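Numbered per the numbering used here, the first sequence spans residues 986 to 1560. Every residue gets a Cβ at the ideal spot worked out from N, C-alpha and C, and that includes glycine. In this text the structure is predicted, and so the values were computed from the model without any measurement.
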Amino acid sequence: MPRKKITNKQIIDIFREIALHLRAEDVAFKPRAYEVAAEGIAGLSDELTDLYKECGTKCIDDIPGVGKDLSAKIEELLTTGKLDYYDQLKKKYPFDMLDISRIQDVGPKTVFKLYRVLKVKTVADVERAAKQNKIAAIPGMGKKSQDKILRGIEYLKGDAGRRIIHDVLPFARGLVDKLKEIPSTIHIDIAGSLRRRKETIGDIDLIATTSKPKELVRVFKALREVDQVLEEGPNKLMVRYVNGLQGDLLVLHPDEYGATLVHFTGSREHNILLRERAKRKHMKLSEHGLFKGKARITSRTEEQVYKHLGLQFIPPEIRVGADEVEVADKKKIPTLIPYDSLKGDLQVQTDWSDGTGSIEEMVHAAREHGLSYMAVTDHTKGLTIAHGLDEKRLRQQGREIDRLNKKLRGFTVLKSTECDVLKDGRLDLSDSTLKTLDIVSISVHSNTSMSKVDMTERIIRALKHPLVNILFHPTGRVVARRDAYELNMSRVIRACREYHVALEVNGSARLDLHEAHIRQSIEEGVNLVINSDAHDPSHFQNLEYGIAQARRGWATAADILNTKPLKGFLAALKK
DNA sequence: GCCGTTTTCGGCCCGACTGTTTTCAGTCG
């Protein structure tokens, strides 16, 4: 009986839970080792089980933060599906540490204390105990702590948690705009994971400098968007916004703005790497500045901070605490694709299938986003739910595009398709129809629960088709809603190189590809495109999120085909 | 438990804020 294969995510969770247990017991240094290893695994583009099959423990040893001991533990998990060390821990403390510590302000120490005194094993147990006033009675806790825990549980149960960046960035920009209007404001910026453009955002962090801190804080607290002040110190404010998210506002002195911005942009792991480096160079880095002994080293800008640490500037999007500091030390950080560099969009749906806008309306919106070409990619007949086009209607659409192009000046509409990849890897349209198009793009929408081997074969068979140019949203995931289907992405990426098919970085809520796959594709020499997947004229703003995603995957403008003008783009796409 | 521009042994990031405390532990980022 084959056992269900253990996933990277499961291994990451086990390591994180072990780290929490070790922290609860005040074990020194080990917890960080487990956390760093978990981060290392999180940055992988392949499933460990596939890596292990391919090259054994050699590939596992290469993971940053994984040494001899943890490598053996990973191997044990991969081969037996279990980890003895972890099972022993769980026997001693039979509760879900990871789950309970998701409650705000409840860390490993508190979880242990609650378990020891009250034998609580779940978040629901904790809530019951709090409501019965049992937590306030524990020595070292009190009524306020108990209320805080209850608030934390409410937050957890509500529509809190992490949100997709698409829902958060516009809201945060609105806040920034309002605070900018105060004349005494010098700087006001988005920091934290939002500035790093992570796929999902847990809180909105803002940092500011001002000649009148009290005024800024007063105005901020009175904003319509601010629901409740949770914490307030001399220069740090923590609030709950009306959209349910939390956030910090930090008000600091302008002389250290660079160091402050670095600190509050994170990530936590990136900061640790920077501070360790500062220490090795007999300096000290914190949000208050960079110091050599007692002497303050100028850090007005982030560039200055990195320079003083002997590093090339590292863009926020790749500050994840992986290898970026090492690469910056060698001055090998590439120039990431600029936010305004796209010339075209290769995935646009119209009212011919499941979009809301006519072709002309979509063209108008695309132009407003600074584009000079756009491919119309309505779904094909296999996707009946989206009113997919059959051969006849697609040819009819082509004639309309011809008419439109004659009218347009300085903009080109390309005839294209989002052709469904059928279950067996064949395409949903005939070759003779595909030949009438400027670009053939394909994607998977059905039968998504097939086995990994079958799905990989299915997609590779489609990639082999001589007319195919682009594979849309290659893994099928939708952020925070739908997992990727089972797929060996390394094989797909290699097939794209072999058959000269470009991979899409989709800027919609899919944000598909994952950044690790983007980076891997670039290393393998596979072409990429960034698309909005617009189904409405307003959706071209997705391009910004697609670019952010590409930047997180270390993409330069040269790696992204649709940074080229139309002619160069078509030439590069051609087989 | 990891790792090396001080190294294969001896280090391992920094500070703010809260709550329950008379000096600090816990959590967060």
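Buried versus exposed, by CB contacts within 10 Å (16 or more), residue i
i	result
residue 1545	buried
residue 1369	exposed
residue 1562	Nothing about residue 1562 can be reported from this structure: the residues present for the chain run from 986 to 1560 only.
residue 1040	exposed
residue 1334	buried
residue 1253	exposed
residue 1164	buried
residue 1459	buried
residue 1287	buried
residue 1120	buried
residue 1026	buried
residue 1533	buried
residue 987	Note that residue 987 scores a pLDDT of 47, beneath 50, so its modelled location is shaky and nothing firm can be said.
residue 1324	exposed
residue 1507	buried
residue 1224	buried
residue 1361	buried
residue 992	exposed
Inter-residue Cα distance where the pair is residue i and residue j
i	j	result
residue 1497	residue 1490	6 angstroms
residue 1071	residue 1205	46 angstroms
residue 1232	residue 1530	21 angstroms
residue 953	residue 1428	This structure leaves residue 953 out entirely; the chain is present only between 986 and 1560.
residue 1102	residue 998	26 angstroms
residue 1033	residue 1050	15 angstroms
residue 1414	residue 1345	25 angstroms
residue 1117	residue 1011	30 angstroms
residue 1402	residue 1558	15 angstroms
residue 1100	residue 1006	12 angstroms
residue 1372	residue 1406	16 angstroms
residue 1462	residue 1003	29 angstroms
residue 1309	residue 1268	20 angstroms
residue 1274	residue 1488	42 angstroms
residue 1547	residue 1408	30 angstroms
residue 1421	residue 1208	55 angstroms
residue 1157	residue 1410	43 angstroms
residue 1430	residue 1367	9 angstroms
residue 1107	residue 1080	7 angstroms
residue 1153	residue 1416	43 angstroms
residue 1560	residue 1016	51 angstroms
Reference residue i, options the options, closest by Cα
i	options	result
residue 1337	1320, 1443, 1380 and 1317	1380
residue 1356	1347, 1298, 1362 and 1388	1347
residue 1082	1283, 1093 and 1461	1093
residue 1021	1306, 1328 and 1430	1306
residue 1174	1142, 1234, 1259 and 1062	1234
residue 1190	1160, 1198 and 1196	1160
Whole-angstrom C-beta distance between residue j and residue i, which should lie under 8 angstroms
i	j	result
residue 1272	residue 1313	Incorrect: roughly 20 angstroms between the Cβ atoms, too far for contact.
residue 1492	residue 1478	Contact doesn't hold; Cβ gap of about 20 angstroms is too wide.
residue 1069	residue 1332	Going by Cβ atoms, the distance from residue 1069 to residue 1332 rounds to 48 angstroms, so no, they are not a contact pair.
residue 1301	residue 1148	Rounded, the Cβ-Cβ distance is 19 angstroms, inconsistent with contact.
residue 1193	residue 1250	Actually they are not in contact, since the Cβ atoms of residue 1193 and residue 1250 sit about 14 angstroms apart, beyond 8 angstroms.
residue 1137	residue 1090	6 angstroms
Whole runs of the beta strand (DSSP E) within the region 1357 to 1416, excluding any shorter than 3 residues: 1358 to 1361, 1397 to 1400 and 1403 to 1405
Please list the segments of the alpha helix (DSSP H) lying wholly inside the region 1159 to 1193, counting only runs of 4 or more residues, in order along the chain. 1177 to 1180
Uninterrupted alpha helix (DSSP H) stretches inside the region 1069 to 1134 (no shorter than 4 residues): Counting only runs of 4 or more, we get 1069 to 1077, 1082 to 1085, 1093 to 1103 and 1108 to 1116.
With a floor of 4 residues, list each alpha helix (DSSP H) that falls wholly inside the region 1447 to 1512, ordered by position along the chain. 1474 to 1484 and 1500 to 1508
What are the complete alpha helix (DSSP H) segments, minimum 4 residues, inside the region 1321 to 1358? 1344 to 1353
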